[in-house]
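For reference, each letter of the sequence shown is one residue, going 28 to 285 in the numbering used here.
Here is the structure we will look at.
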Amino acid sequence: MINSTDLFRLDGKSAVITGATGALGHAAARALAQAGARLTLTAGSEDALAEMASDLTAEGHDVRTVARRPDVLEDAKTIAEIAGDVDILICAAGTNKPAPIDKMPVEEWEEVMDANIRGSWLMCKAIGPRMIERGQGGKMILISSVRGRHGSPLGYTSYCTSKGAVDGLTRALALEWGPHRINVNAIGPTVFRSKLTEWMFDDERTGGQQNVPALKRIPLGRLGEPEDLQGILLYLSSPASDFCTGQIIYVDGGYTAG
């Protein structure tokens, strides 16, 4: 019988991670590298990407980087060509620009949609056919949010719409590519620590975390840390999740339970 811990090993596997320098992308890179995967990383900041790759390489991990291109379609094609045979794709790039709908410029709405759903769709389009042609199956992990399921009164019409679209893409691709043994799942976090949310973790700025509205809805009584996502990222990337596809898995401290 197989050793259950071996189900989570990724030795010899090749993983592409977009948005690698963000909090979630960084957590994914570290979790997969420590499990033995070879990494191809891409992100908007070349300096931050180079620094991150240098740190991982110094620890003995196999890492390469791909500079982002302004054109998202060409960017996806370039990443796919450089990465070669890909076993795992994690689309961790994303953004948010909160504003009431009547005050949000169309250009900003499109920017959020491009980052959160169009980029993921194009990466899947670029990598998926290569996985199918190779015939070895694969793992695709998209990043949704509790806001793909729950609305928000905080000017999230672009963000909620984009994450709801991620949920739909996840389910559709799971059905389309299931016969090719390609597992497609999404992670739906609640608020977790990142550059965009750092202020929520600052007691001086919030007057104590209990004043953060999101915290009042989380039964576990705290906001998320990037490390809270490493376990689910490793699970969905590894053979442990071979019979799991088309799922939106919430890592939210119980936020969506009520």
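Where is the CB? At the ideal position from N, CA and C, for every residue including glycine.
C-alpha gap between residue i and residue j, whole angstroms
{"i": "Val218", "j": "Thr224", "result": "7 Å"}
{"i": "Glu73", "j": "Ala94", "result": "6 Å"}
{"i": "Ile276", "j": "Glu254", "result": "16 Å"}
{"i": "Gly298", "j": "Trp148", "result": "Past the edges of the chain, shown from 28 to 285, lies residue 298, and the structure says nothing about it."}
{"i": "Pro132", "j": "Ser185", "result": "11 Å"}
{"i": "Leu66", "j": "Ser268", "result": "20 Å"}
{"i": "Arg244", "j": "Ala47", "result": "29 Å"}
{"i": "Gly258", "j": "Val278", "result": "10 Å"}
{"i": "Leu247", "j": "Leu181", "result": "23 Å"}
{"i": "Ala55", "j": "Leu116", "result": "11 Å"}
{"i": "Gly63", "j": "Pro127", "result": "44 Å"}
{"i": "Arg91", "j": "Glu203", "result": "30 Å"}
{"i": "Glu135", "j": "Asn30", "result": "49 Å"}
{"i": "Glu252", "j": "Leu260", "result": "14 Å"}
{"i": "Met158", "j": "Asn212", "result": "16 Å"}
{"i": "Gly285", "j": "Tyr183", "result": "20 Å"}
{"i": "Asp141", "j": "His207", "result": "27 Å"}
{"i": "Lys130", "j": "Lys124", "result": "11 Å"}
{"i": "Leu256", "j": "Ala85", "result": "23 Å"}
Endpoints, alpha helix (DSSP H) assigned at residue i
{"i": "Ala50", "result": "50–61"}
{"i": "Arg161", "result": "146–161"}
{"i": "Leu169", "result": "Here Leu169 belongs to no alpha helix (DSSP H); instead the beta strand (DSSP E) covers 165–170."}
{"i": "Thr272", "result": "Here Thr272 belongs to no alpha helix (DSSP H), and DSSP marks it neither H nor E."}
{"i": "Ala94", "result": "Taken as a continuous stretch (DSSP letters only), Ala94 belongs to no alpha helix (DSSP H), being part of the beta strand (DSSP E) at 90–94."}
{"i": "Val173", "result": "First-last for Val173: undefined, no H or E at that position."}
{"i": "Val218", "result": "Where Val218 is concerned, there is no enclosing alpha helix (DSSP H), given that its DSSP letter is neither H nor E."}
{"i": "Glu135", "result": "133–140"}
{"i": "Leu242", "result": "No alpha helix (DSSP H) contains Leu242, which DSSP labels as neither H nor E."}
{"i": "Leu250", "result": "Premise fails: Leu250 is in no alpha helix (DSSP H) and is neither H nor E."}
{"i": "Glu73", "result": "73–85"}
Where residue i falls: helix, strand or coil (DSSP)
{"i": "Ala30", "result": "For clarity, residue 30 is Asn in the given sequence; the question names Ala instead. Reduced to three states, the DSSP call for Asn30 is coil."}
{"i": "Val99", "result": "helix"}
{"i": "Gly280", "result": "coil"}
{"i": "Leu116", "result": "strand"}
{"i": "Thr45", "result": "strand"}
{"i": "Asn210", "result": "strand"}
{"i": "Gly258", "result": "helix"}
{"i": "Gly285", "result": "coil"}
{"i": "Gly205", "result": "helix"}
{"i": "Gly191", "result": "helix"}
{"i": "Arg36", "result": "coil"}
{"i": "Gln237", "result": "Model confidence at Gln237 stands at a pLDDT of 49, short of 50, so the residue's coordinates are unreliable; what they give is reported in the following sentence. Correct three-state label for Gln237: helix."}
{"i": "Leu196", "result": "helix"}
{"i": "Tyr183", "result": "coil"}
Residue i, enclosing beta strand (DSSP E) - first and last residue
{"i": "Ala70", "result": "65–70"}
Beta-carbon spacing of residue i, residue j below 9 Å
{"i": "Gly178", "j": "Asn143", "result": "no"}
{"i": "Leu169", "j": "Ile214", "result": "yes"}
{"i": "Asn210", "j": "Cys271", "result": "yes"}
{"i": "Gly52", "j": "Leu68", "result": "yes"}
{"i": "Ile154", "j": "Gly165", "result": "yes"}
{"i": "Ser221", "j": "Ala50", "result": "yes"}
{"i": "Ser189", "j": "Pro216", "result": "no"}
{"i": "Ile109", "j": "Thr45", "result": "no"}
{"i": "Ala201", "j": "Val113", "result": "no"}
{"i": "Thr283", "j": "Arg176", "result": "yes"}
{"i": "Met167", "j": "Cys151", "result": "yes"}
{"i": "Gly191", "j": "Gly273", "result": "no"}
CB contact below 9 Å: residue i versus chain B
{"i": "Lys124", "result": "No chain B is part of this structure, which consists of one protein chain only."}
For the segment 74–81 against the segment 102–122, do three or more pairs of beta-carbon atoms, one drawn from each stretch, fall closer than 8 Å, so that the two count as touching? With a cut-off of 8 Å, the segment 102–122 and the segment 74–81 do not count as touching, because too few Cβ pairs lie within range.
At least three beta-carbon pairs within less than 8 Å, the segment 255–266 to the segment 185–197: The segment 255–266 vs the segment 185–197: no contact.
When the Cβ atoms of the segment 57–69 are set against those of the segment 34–48, are three or more pairs found closer than 8 Å? Per the Cβ contact rule, the segment 57–69 is in contact with the segment 34–48 (3 or more Cβ pairs under 8 Å).
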